[in-house]
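> Be aware that the sequence shown starts at -4, since it is given in this note's numbering, and climbs by one per residue.
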Amino acid sequence: MSSKPKLISLFSGCGGLDWGFHKAGYEVVWANDFEANACETFKKNFGDVIYCGDIQAVEPAKDKSIPNCDLIIGGFPCQDFSVVWKRPGLNGKRGNLYKSFLRFVEAKKPKAFVAENVKGILSANKGKAIEQIISDFQNIAPGYILYPKLYNFSEYGVPQIRERVLIVGIRVDTGFPFQHPKPTHGPNGNKPFVTAGEALEGVEKVKYNNEKINITSRTEQLLKLIPEGGNYKDIPEDSPLYVHGMISHVYRRLHRNEPSKTIIAAGGGGTWGYHYSEPRPLTNRERARIQTFPDTFRFCGSIAEVRRQIGNAVPPTGVLPVAKALMPLFTGKYKHVDLYKVLEEQKKTTAKQKIKTAGK
């Protein structure tokens, strides 16, 4: 029997969060997503441990096919919290899906959980969404102490400026003194940022998910007017190819000596992300490299579907330090502290204060 900590993965997508924990020595024993192609990708890379279906129809307290676990991880749907689009927050039909995550934690009572979401979750519903989410998890008996932190994954070795919130929950009776890992890259670390140029080195040799995307001659000529690191704003206003005001990621080209801007999952013309030296969209394998998936990780589905899987994923390298920071909890090699007292103090503070102090 494997001695690896066992984890359940929810809202798994193609498995970016899971791959980070897999590399740190954890074993995925059960997973769930509702998107068929993402489930096929997960199965191809992790084995036949994923249930493809609506999580709201799953009853973890009653379903005996769902094993017990040491850890639960997952990124509950984030569209209703996004800062890019209009955000209904908890009032949206997907915003309350975090309650399915809550049901699993309540049923399995893992020693810890890691929930991932977009930056917008911090301000959704004027800050009430994160307050409610934290309160709900705190009140699962015997109680969980929560450590939310806004991460910029470029500070942890990801060649991409990508901000995401990680909420780490620790069961109070474990007495585990969790601390978020400190940045390793950029001005707050001791290593330089990993650049897009470094990430794409030799990528043309990778066989899978590396198809070039057809573009029109007009788009190719338009891209030639944009320098590396630039976007549509660099097209001269007197050019017949000039594009009127859009959001900044439209026709954005990588800069080889900088991390990429955030890779997105979907969108129309001009949103694919574009190569720094060639006037073309990035291939999915290039996008996967920027998201730090290994070249052996194979994606299933059409080009657009694979793009969506990659863009929705958590970069594995970004969460690897968190997975390592949690490992002593499962080996027992740590000095116990009184988390009951800490939890009572945490309940008296606001979510805003918790977020501000989480990384300290």
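Just so you know, even glycine gets a beta-carbon here, dropped at the ideal spot from N, CA and C.
In the DSSP assignment, find the unbroken beta strand (DSSP E) run with leucine 92 in it and report its ends.
Taking the first residue of the sequence shown as 1, we reach residue 92 at position 97. Counting along the chain, leucine 92 falls outside any beta strand (DSSP E), and DSSP gives it neither H nor E.
> Please classify arginine 82: is it buried, with 16 or more other beta-carbons within 10 angstroms of its beta-carbon, or exposed?
Numbered from 1 along the sequence shown, position 87 holds the residue referred to as residue 82. Confidence in arginine 82 is poor, its pLDDT being 43 and thus under 50, which makes the residue's placement unreliable; the coordinate value appears in the next sentence. With 16 or more other Cβ atoms within 10 Å, it is buried.
> Going straight from the alpha carbon of glutamate 196 to that of glycine 20, what length do you get?
For the purposes of this step, residue 196 is identified with residue 201 of the sequence shown, where counting begins at 1. For the purposes of this step, residue 20 is identified with residue 25 of the sequence shown, where counting begins at 1. Each residue's Cα considered, the two are about 27 angstroms apart.
> Out of Gly264, Ala283, Ile285 and His250, state which residue places its alpha-carbon closest to the alpha-carbon of glutamate 273.
Position 278 of the sequence shown, counted from the start, is the residue given in the question as residue 273. The shortest C-alpha separation from glutamate 273 is found at His250.
> Sort Glu150, Ile61, Ser234 and Phe29 by Cα distance to glutamine 51 and report the nearest one.
The count along the sequence shown starts at 1 and reaches residue 51 at position 56. It is Phe29 whose Cα lies nearest to the Cα of glutamine 51.
> Applying the criterion that 16 or more other CB atoms from any shown protein chain within 10 Å of the CB defines a buried residue, is leucine 263 buried or exposed?
Counting from 1 along the sequence shown, the entry for residue 263 is found at position 268. For the sequence presented, residue 263 should be read as glycine rather than leucine. Counting Cβ neighbours within 10 Å, glycine 263 comes out exposed, since fewer than 16 surround it.
> Give the straight-line distance between the Cα atoms of phenylalanine 188 and valine 23, rounded to the nearest whole angstrom.
Looking up residue 188 in the sequence shown gives position 193. Looking up residue 23 in the sequence shown gives position 28. So the two alpha carbons sit approximately 30 angstroms from each other.
> May I have the straight-line CA-CA distance separating lysine 8 from glutamine 304, to the nearest angstrom?
As a working mapping, residue 8 is identified with position 13 in the sequence shown. As a working mapping, residue 304 is identified with position 309 in the sequence shown. Correcting the residue identity first, residue 8 is glycine in this sequence and not lysine. Answer to the nearest angstrom: the Cα atoms are 6 angstroms apart.
> Out of curiosity, what's the CA-to-CA distance linking leucine 85 and isoleucine 129?
Position 90 of the sequence shown holds residue 85. Position 134 of the sequence shown holds residue 129. Confidence is the limiting factor: at leucine 85 the pLDDT is only 46, short of 50, which leaves the residue's position unreliable and the question unanswerable from this model.
> Between histidine 26 and the rest of its own chain, which residues show a CB-CB distance below 8 angstroms, the 5 nearest in sequence each way excluded?
As a first step, residue 26 must be located in the sequence shown, where it is residue number 31. This sequence places alanine at residue 26; histidine is not what is there. Here the set comprises Ile3, Ser4, Leu5, Ser7, Gly10, Asp13, Phe37, Phe41, Val44, Ile45 and Tyr46.
> Looking at the secondary structure, which residues open and close the beta strand (DSSP E) in which phenylalanine 108 lies?
For the purposes of this step, residue 108 is taken as residue 113 along the sequence shown, with counting starting at 1. Here the beta strand (DSSP E) through phenylalanine 108 covers 107 to 113.
> Counting pairs of Cβ atoms below 8 angstroms between the segment 222 to 230 and the segment 171 to 184, do you hit three or more?
No: fewer than three Cβ pairs fall under 8 angstroms.
> What distance in whole Å lies between the Cβ atoms of tyrosine 142 and phenylalanine 132, which are believed to be in contact at a cut-off of 8 angstroms?
Within the sequence shown, numbered from 1, the residue matching residue 132 stands at position 137. Within the sequence shown, numbered from 1, the residue matching residue 142 stands at position 147. Actually they are not in contact, since the Cβ atoms of phenylalanine 132 and tyrosine 142 sit about 11 angstroms apart, beyond 8 angstroms.
> Between the segment 293 to 301 and the segment 276 to 284, can you find at least three pairs of beta-carbon atoms closer than 8 angstroms?
Result yes; three or more Cβ-Cβ pairs closer than 8 angstroms.
> Leaving out five residues on either side along the sequence, give the residues of the same chain with a beta carbon under 8 angstroms from the beta carbon of glutamate 49.
As a working mapping, residue 49 is identified with position 54 in the sequence shown. With the sequence shown as reference, residue 49 is identified as aspartate, and glutamate is not the correct amino acid for it. Excluding positions up to five away in sequence, the list reads Phe29.
> Decide if glutamate 341 is buried, meaning its Cβ has at least 16 other Cβ atoms within 10 Å, or exposed.
Working through the sequence shown from its first residue, we reach residue 341 at position 346. Note on identity: in this sequence residue 341 is glutamine, with glutamate being the wrong assignment. The residue in question, glutamine 341, is buried, as its Cβ has 16 or more Cβ neighbours within 10 Å.
> For lysine 39, which of helix, strand or coil comes out of DSSP?
Sequence index remark: in the sequence shown, residue 39 carries index 44 (1-based). Helix, per DSSP.
> What does a CB cutoff of less than 6 angstroms around phenylalanine 292 pick up in its chain, not counting 5 residues either side in sequence?
The residue given as residue 292 occupies position 297 in the sequence shown. The answer, listed in chain order, is Asn40.
> Return the chain-ordered list of same chain residues with a C-beta closer than 8 angstroms to the C-beta of glycine 164, the five sequence neighbours on each side being excluded.
To locate residue 164, count along the sequence shown from 1; it is residue 169. Counting only Cβ-Cβ distances below 8 angstroms, and skipping sequence neighbours, we find Val100, Ala107, Phe108, Val109, Ala110, Phe132, Tyr139, Ile140, Leu141 and Tyr142.
> Taking tyrosine 203 as the reference, which of Ala318, Asn183, Tyr269 and Arg284 has the closest Cα?
Stepping through the sequence shown from its first residue, residue 203 is reached at position 208. Measuring from the Cα of tyrosine 203, the nearest candidate turns out to be Arg284.
> Using 8 angstroms as the limit for Cβ to Cβ distance, is asparagine 112 near chain C?
Checking the listed chains, one finds no chain C in this structure; it contains a single protein chain.
> What are the boundary residues of the beta strand (DSSP E) that includes proline 323?
On the sequence shown, residue 323 is found 328 positions in, with the first residue counted as 1. Not the beta strand (DSSP E): proline 323 falls in the alpha helix (DSSP H), residues 311 to 326.
> In three-state DSSP terms, what is glutamine 304?
Within the sequence shown, the letter at position 309 stands for residue 304. Glutamine 304: helix per DSSP, three-state reduction.
> In chain order, what residues of the same chain lie with their CB nearer than 8 angstroms to the CB of leucine 66, ignoring the 5 residues before and after it?
As a working note, residue 66 is residue 71 in the sequence shown. For leucine 66, where only same-chain residues beyond five positions count, the Cβ hits under 8 angstroms are Pro0, Lys1, Leu2, Ile3, Phe16, Tyr21, Pro105, Lys106, Ala107, Phe108, Val109, Leu321 and Phe325.
> Quick one: give me the first and last residue of the alpha helix (DSSP H) that valine 337 is part of.
Position 342 of the sequence shown holds residue 337. Start and end: 334 to 342.
> Alpha carbons only, please: which of Ile68, Gly69, Phe148 and Glu54 is nearest the one belonging to alanine 102?
Residue numbering aside, residue 102 sits at position 107 when the sequence shown is read from its first letter. Measuring from the Cα of alanine 102, the nearest candidate turns out to be Glu54.
> Measure the C-alpha to C-alpha separation of lysine 177 and glycine 184 and round it to an integer number of angstroms.
The residue labelled residue 177 in the question sits at position 182 within the sequence shown. The residue labelled residue 184 in the question sits at position 189 within the sequence shown. Roughly 8 angstroms between the two C-alpha positions.
> Do the CB positions of histidine 180 and glutamate 206 come within less than 8 angstroms of each other?
The count along the sequence shown starts at 1 and reaches residue 180 at position 185. The count along the sequence shown starts at 1 and reaches residue 206 at position 211. Going by C-beta atoms, histidine 180 is not nearer than 8 angstroms to glutamate 206.
> I think threonine 359 touches proline 254, with their Cβ atoms under 8 angstroms apart; what is that distance to the nearest whole Å?
Limits of the chain in this structure are -4 at one end and 355 at the other, which puts residue 359 out of reach.
> Opposite aspartate 28 in the DSSP bridges: which residues?
Here residue 28 corresponds to residue number 33 of the sequence shown, with the count starting at 1. Answer is Cys47, bridged to aspartate 28.
> If I measure Cβ to Cβ from serine 243 and keep anything under 7 angstroms in the same chain, skipping five residues before and after, which residues do I get?
Within the sequence shown, the letter at position 248 stands for residue 243. Same-chain partners within the cutoff: Asn226.
> Spatial neighbours of tyrosine 271 within its chain, please: CB distance less than 8 angstroms, with the 5 preceding and 5 following residues excluded, ordered by chain position.
Counted from its first residue, the sequence shown places residue 271 at position 276. These residues qualify, in order along the chain: Ala191, Gly192, Glu223, Gly224, Arg248, Leu249, His250 and Arg251.
> Provide the residue span of the beta strand (DSSP E) that contains serine 130, from first to last.
If you number the sequence shown from 1, residue 130 lands on position 135. Unbroken run through serine 130 is the alpha helix (DSSP H), 123 to 133; no beta strand (DSSP E).
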